[in-house]
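Enquirer: In UniProt numbering, the protein residues as written are 1 to 153. We put the CB at the ideal spot given by N, CA and C, even for glycine. Model, not experiment: these values are computed from the prediction. I have a structure here, written as structure tokens, and I will follow up with some questions on it.
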Amino acid sequence: MEKIILVSLSILLFSSCRNRPSSSNNSNYETNNVVDDGFTKKDRRSSSSSAKSLKVDDENVTIENYLRQMPGLNVNGSGYNASVTVRGVKTMYGASEVLFVVDGVPLSGGLGEVQALVQVRDIANLTILKDGSATALYGNRGGNGVIIIKTKK
Numbered sequence: 001m002e003k004i005i006l007v008s009l010s011i012l013l014f015s016s017c018r019n020r021p022s023s024s025n026n027s028n029y030e031t032n033n034v035v036d037d038g039f040t041k042k043d044r045r046s047s048s049s050s051a052k053s054l055k056v057d058d059e060n061v062t063i064e065n066y067l068r069q070m071p072g073l074n075v076n077g078s079g080y081n082a083s084v085t086v087r088g089v090k091t092m093y094g095a096s097e098v099l100f101v102v103d104g105v106p107l108s109g110g111l112g113e114v115q116a117l118v119q120v121r122d123i124a125n126l127t128i129l130k131d132g133s134a135t136a137l138y139g140n141r142g143g144n145g146v147i148i149i150k151t152k153k
């Protein structure tokens, strides 16, 4: 009797492991093991920063809508008046909007300036840096988070 139960449980265990669904739900998220902070590229295992990259592959989707797909970002408003903040970042007196960096050049005008300067069809990927160790490279301006935009060259 014990052998029958043991065999039944082992068959059940192996059959449930075989039909496991794919862990990748969104094909836009890059699965490479490299973290690009705008200055250097590091192995994800040796980096302690919180960074997420997103491939931009549809010209009909706005930058604003791509940013809405990113976990941990809040996009308020729409169009050129939209503001982007990282969830959990609060300031009493200063601005709480993230810093945008396009091909290594920091932009101070927010999402409206990025939308005016960069077309979606020219963007290769977006990288979001959310924590202090990743944004320290950008100083005080990057304290609320950094969105790095790499264009196609």
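(1) With a 10 Å radius around its C-beta and 16 neighbouring C-beta atoms as the bar for buried, classify Asn81 as buried or exposed.
(2) Between which two residues does the alpha helix (DSSP H) carrying Val61 extend?
(3) Measure from the alpha carbon of Gly88 to the alpha carbon of each residue in Ile149, Gly145, Lys153, Ile4, then state which is nearest.
(4) Does the region 130–146 touch the region 112–120, meaning 3 or more C-beta pairs lie closer than 8 Å?
(5) Starting from Val114, follow the alpha helix (DSSP H) in both directions and report where the run begins and ends.
(6) Which value, in whole angstroms, describes the spacing of the CA atoms of Leu54 and Ile11?
(7) Quick check: the Cα distance between Tyr138 and Ala124, rounded to an integer number of angstroms?
(8) Tell me which residue opens and which closes the beta strand (DSSP E) that Ser83 is part of.
(9) Helix, strand or coil for Val98? Go by DSSP, reduced to three states.
(10) Start and end of the alpha helix (DSSP H) containing Ala134?
(11) For Tyr93 and Leu111, what's the separation of their Cα atoms in angstroms?
(12) Nearest to Ser74 by alpha carbon, out of Gly109, Glu97, Arg141, Pro106?
Expert: Answer, in terms of the structure:
(1) By the 16-neighbour rule on beta-carbons within 10 angstroms, Asn81 is exposed.
(2) Here Val61 belongs to no alpha helix (DSSP H), and DSSP marks it neither H nor E.
(3) Gly145
(4) They do not touch, by the three-pair rule.
(5) 110–117
(6) Distance between the alpha carbons of Leu54 and Ile11: 40 Å.
(7) 21 Å
(8) 83–86
(9) coil
(10) Segment 132–135, the alpha helix (DSSP H) holding Ala134.
(11) 20 Å
(12) Ser is not the amino acid found at residue 74; the sequence shown has Asn there. With distances taken between Cα atoms, Asn74 lies closest to Glu97.
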